[in-house]
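Heads up: the structure comes next, in structure tokens.
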Amino acid sequence: MVADKTYLIENVLKNSAKTEMEPLVAEQLQLLRKDKNTKPIVYVGAGTCGLGAGAGETIKQVGFFLKDKGIDADVIPVGCIGLCSSEPLMDIKLPGRKRISFEKVSGDKVAGILESVFSENLPNHPLLGQFESQQHEKSWENVPAIENHRFFKPQVRIVLENCGLINPVSIEEYIARDGYKAYLNTLKVFSRFEMCDFIEKSGLRGRGGGGFPTGKKWKFALGTEAEQRYLICNADEGDPGAFMDRAVIEGDPHKLLEGMAIAAYAIGATKAYVYIRAEYPLAIERLVIAIKQAKDYGLIGKNIFDSGIDLDIVIKKGAGAFVCGEETALIHSIEGKRGMPRPRPPFPAVSGLFGKPTIINNVETLSNLPSIVRKGADWFSSMGTKTSKGTKVFALSGKIATTGLVEIPMGTTVRDIIFKIAGGIVNGKKFKAVQMGGPSGGCVTDANLDIEIDYENLIAVGAMMGSGGMVVMDEDTCMVDVAKFFMDFIQRESCGKCIPCREGTRRMLEILESITTKPKNLETHEPLARFKGVMQIESLGKVIKDTSLCGLGQTAPNPVLSTLQWFREEYEEHVFDKKCRAGVCKNLRDYTIIVEKCTGCTVCAKKCPTNAIIGGRKQPHFIIPEKCISCGACFEACNFDAIKVS
283 MVADKTYLIE NVLKNSAKTE MEPLVAEQLQ LLRKDKNTKP IVYVGAGTCG
333 LGAGAGETIK QVGFFLKDKG IDADVIPVGC IGLCSSEPLM DIKLPGRKRI
383 SFEKVSGDKV AGILESVFSE NLPNHPLLGQ FESQQHEKSW ENVPAIENHR
433 FFKPQVRIVL ENCGLINPVS IEEYIARDGY KAYLNTLKVF SRFEMCDFIE
483 KSGLRGRGGG GFPTGKKWKF ALGTEAEQRY LICNADEGDP GAFMDRAVIE
533 GDPHKLLEGM AIAAYAIGAT KAYVYIRAEY PLAIERLVIA IKQAKDYGLI
583 GKNIFDSGID LDIVIKKGAG AFVCGEETAL IHSIEGKRGM PRPRPPFPAV
633 SGLFGKPTII NNVETLSNLP SIVRKGADWF SSMGTKTSKG TKVFALSGKI
683 ATTGLVEIPM GTTVRDIIFK IAGGIVNGKK FKAVQMGGPS GGCVTDANLD
733 IEIDYENLIA VGAMMGSGGM VVMDEDTCMV DVAKFFMDFI QRESCGKCIP
783 CREGTRRMLE ILESITTKPK NLETHEPLAR FKGVMQIESL GKVIKDTSLC
833 GLGQTAPNPV LSTLQWFREE YEEHVFDKKC RAGVCKNLRD YTIIVEKCTG
883 CTVCAKKCPT NAIIGGRKQP HFIIPEKCIS CGACFEACNF DAIKVS
């Protein structure tokens, strides 16, 4: 069987420059690409988002239907195509017909849809569209092309090109779509330095935090004398609201492996690690399968395709510590030590894992490599801005109509992503801000919606590219509460090694908690402390940025500094007026008793921890504002809806 597989891939590579392939190989590739199918195929989006939306039941009901009707069809679980808010997705491809896609297909909808489509009729169910085909296949009447869907049309899919379309656990399907061709050509055509130079000329920058030029980074490792070098894929993905790495691995694991193989060759590494959090079981499962398949093909292992090149890829599961997104902390974790950063220099490219030159790239960076090598450095650098080339994957979440993964050319405006691709803000609400870059990033407000996305532009407005999370907020969002959420996350995730990060973030969180809570006793110094806290929080943030050991500590104050910059009036309202305009901060809410509804049952008075409620039995009660701490105990206890919250 392995010989047959080797024959296929050798022929794909051998015929890559020819206009015509051997008929047998060409036909086999058509079948593998599903350009030509002799029986029906049912695809179900079965990434983590799809399974969470009920795709498991959808797959089960598809099986029941096919068995009940005696229909011979293939059922293929695929990864996420990116349209998470429409899951579960189900596509159907009949022989001689174009593939058609339906959204929100819960288990109870399966039978009706399949019954209609197998009869070559369109069911009365929301659909996304039909896929274009290289073959002369019959179209579905009055069904638009899925490529023209609002969500997909502005996208340029490089990293995500196969996600949701191919079987993620079939290396044959990946090979049929030019998979591993770039890697094998790399071994034949490029020297190690030439590959580093090629990637540097493409303009590819690290799709993580700093955006360092990838090829330039590789050259540091290649130029360091060593008997052993290592490559690490950082798939830890610790930012709240980020799920790009997980989706890529679940939907197209071989693209990552091919990218890792190219990078390992370029730097002279014979061993590579995928550092992935254990909370991604499906991604790990598909990665394990993909690695085994690549070994069976001879693409990983000893003397790969008689090139004299060796490569071993190992999965290392992380415990989900945010700090292990930092390079040196990640290295310590792989070495079996506590995940804590160390001072730099020396940088990992010179002295990293086990003291050897080590390159760390994230999933998106590595997954770009196969397409760049196949299509050329000039092709990639033709997209984007002057300083940021290619595309960027973003995870869209929050108060928007369409959530999911998008891949857009660098230079696309934030406004276009939110209001064109994502469909704008839900429920007719007003846009307020979008948090970009996760806990290390900042806000992009309405005033900056038209900036073109690239590394420098985002930093200029107080945000950052980061791994690509975009959390959209509307007018009902309290920005002080947002800052408190991220600061709470950062404070809990701090490794505690350096004082500025460990103690500084704790103090910042205490200040934020203080100003989102009413003073319990106005006769003490508490009101003054709240005021002084806000005066100190900005300078405290700057000290943390300047003195923390690692990049995570240095960017920890960003959410607070960014919200202070753009929404200072909300902070002032919390401090001086003790008001939260969005009504989110529960401890700043005002509670009053509606006299006409109060029966004088005294339940609220008994529940009040500060004796702020007065009134006789069977008489209307009243709340003394000066004593009320806005705990809400009275509101929860009242059985007559007599408590008003404002």
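Numbering-wise, the sequence shown is residues 283 to 928 according to this note's numbering.
All residues carry an ideal CB built from backbone N, CA and C; glycine is no exception.
If you're wondering where the values come from, they're calculated on a predicted model, not measured in any experiment.
Distance, GLN416 Cα to VAL675 Cα: Each residue's alpha carbon lies about 26 Å from the other.
Could you name the residues that DSSP lists as bridge partners for LEU929? Only positions 283 to 928 of the chain appear in the structure, and residue 929 is not among them; the question remains open.
Taking the beta strand (DSSP E) that ALA517 falls in, what are its first and last residues? Note, ALA517: beta strand (DSSP E), 512-517.
Quickly, what does DSSP pair ARG559 with across the bridge? List them, please. Note: ARG559 is bridge-paired with GLY600 in the DSSP secondary-structure output.
Once the 5 residues before and after THR829 are set aside, which same chain residues still bring their CB inside 7 Å of it? Contacts found: PRO782.
PRO652 by DSSP, collapsed to three states: which one? Of the three classes helix, strand and coil, the one that applies to PRO652 here is helix, per DSSP.
What is the DSSP secondary structure of MET755, reduced to helix, strand or coil? The answer is strand: DSSP assigns MET755 an E or B state.
Please state the DSSP three-state secondary structure of CYS916. Under the three-state reduction of DSSP, CYS916 is assigned to helix.
Using only the alpha-carbon positions, how far apart do ILE641 and ALA631 sit? In this structure, the CA atom of ILE641 is about 5 Å from the CA atom of ALA631.
If I measure Cβ to Cβ from VAL927 and keep anything under 7 Å in the same chain, skipping five residues before and after, which residues do I get? Same-chain partners within the cutoff: ARG871, TYR873, PHE917.
DSSP three-state call for THR845: helix, strand or coil? Helix, per DSSP.
Nearest residue (CA-CA) to LYS879, options ASN921, PRO891, ILE911: Closest option to LYS879, Cα to Cα, is ASN921.
Of all the options HIS418, LEU822, ASP460, GLU443, which has the alpha carbon lying nearest to the alpha carbon of GLU429? Checking every option, the nearest Cα to that of GLU429 belongs to GLU443.
In three-state DSSP terms, what is PRO907? Under the three-state reduction of DSSP output, PRO907 falls in the coil class, being neither helix nor strand.
Using 8 Å as the cut-off, can you tell me whether the segment 457-471 makes contact with the segment 392-403, which would need three or more C-beta pairs spanning the two stretches below that distance? Fewer than three Cβ pairs drawn from the segment 457-471 and the segment 392-403 lie within less than 8 Å of each other, which leaves the two stretches out of contact.
What separation, rounded to the nearest whole angstrom, lies between the Cα atoms of GLY723 and THR837? Put simply, the backbone Cα of GLY723 is about 7 Å away from that of THR837.
GLU419: buried (16+ other C-beta within 10 angstroms of its C-beta) or exposed? Taking every protein chain shown into account, the CB of GLU419 has 16 or more other CB atoms within 10 angstroms, so this residue is buried.
In the DSSP assignment, find the unbroken alpha helix (DSSP H) run with LEU469 in it and report its ends. Looking at the DSSP string, the run of the alpha helix (DSSP H) that includes LEU469 is 463-471.
Spatial neighbours of PRO902 within its chain, please: CB distance less than 6 Å, with the 5 preceding and 5 following residues excluded, ordered by chain position. Correct list, in chain order: VAL877, CYS880.
If distances are taken between C-alpha atoms only, which option among ILE448, SER452, GLU519, SER367 comes closest to LEU410? The shortest Cα separation from LEU410 among ILE448, SER452, GLU519, SER367 belongs to SER367.
Contact under 8 Å by Cβ, VAL716 with VAL743: No; because the gap between Cβ atoms is not below 8 Å, this pair is not in contact.
Rank GLY600, ARG812, GLY583 by C-alpha distance to the C-alpha of LEU593 and give the top, closest one. If we check each option's Cα against that of LEU593, GLY583 comes out closest.
Taking the C-alpha atoms as reference points, what is the distance between SER679 and VAL753? SER679 and VAL753: Cα-Cα distance of roughly 5 Å.
Identify every run of the beta strand (DSSP E) within the segment 683-758, keeping only runs that are complete inside it and at least 3 residues long; order them along the chain. With a minimum length of 3 residues, the continuous beta strand (DSSP E) runs that stay inside the segment 683-758 are 686-691, 713-718, 724-727, 751-756.
Contact defined as beta carbons within less than 8 Å: I believe PRO370 pairs with VAL399. What is the distance between those atoms, to the nearest angstrom? Separation of the CB atoms of PRO370 and VAL399 is rounded to 16 Å, and the pair is thereby denied contact status at 8 Å.
Which first and last residues belong to the beta strand (DSSP E) in which SER679 is found? Counted as a single uninterrupted DSSP element, the beta strand (DSSP E) harbouring SER679 occupies residues 673-680.
Let's test the definition: count the other Cβ atoms within 10 Å of the Cβ of ASN944 and tell me whether it reaches 16, buried, or not, exposed. What is shown of the chain runs 283 to 928, which leaves residue 944 out entirely.
If we ignore side chains and look at the alpha-carbon of each, how far apart do SER615 and GLY621 end up? Straight through space, the alpha carbons of GLY621 and SER615 are spaced by roughly 5 Å.
In chain order, each alpha helix (DSSP H) run of at least 4 residues that lies wholly inside the segment 388-460: Segments of the alpha helix (DSSP H) lying fully in the segment 388-460: 392-400, 453-458.
What residues in its chain sit with their C-beta under 6 Å from that of ASN730, if we drop five residues either side in the sequence? Once the five neighbours on either side are set aside, the close Cβ partners of ASN730 are VAL743.
Helix, strand or coil at ASP594 [DSSP, three-state]: Of the three classes helix, strand and coil, the one that applies to ASP594 here is strand, per DSSP.
Just to confirm my understanding: we take PHE849, look at its own chain, exclude 5 residues before and 5 after, and list those with CB closer than 6 Å. What are they? Answer for PHE849: MET761, listed in chain order.
Does the segment 321-338 come close enough to the segment 357-364 that 3 or more CB-CB pairs lie under 8 Å? Verdict: yes, contact present.
Report the rounded CA-to-CA distance for PRO700 versus GLY590, giving the unit in angstroms. According to the sequence displayed, residue 700 carries Ile and not Pro. One alpha carbon belongs to ILE700, the other to GLY590, and they sit about 49 Å apart.
Go through its chain and collect everything with a Cβ distance to GLU339's Cβ below 6 Å, but skip five positions before and after it. By the criterion of a C-beta distance shorter than 6 Å, GLU339 is surrounded in its chain by GLY389, once the five residues flanking it on both sides are discounted.
When you compare each of GLU540, MET718, THR552, PHE525 to ALA508 by their alpha carbons, which one comes out closest? It is THR552 whose Cα lies nearest to the Cα of ALA508.
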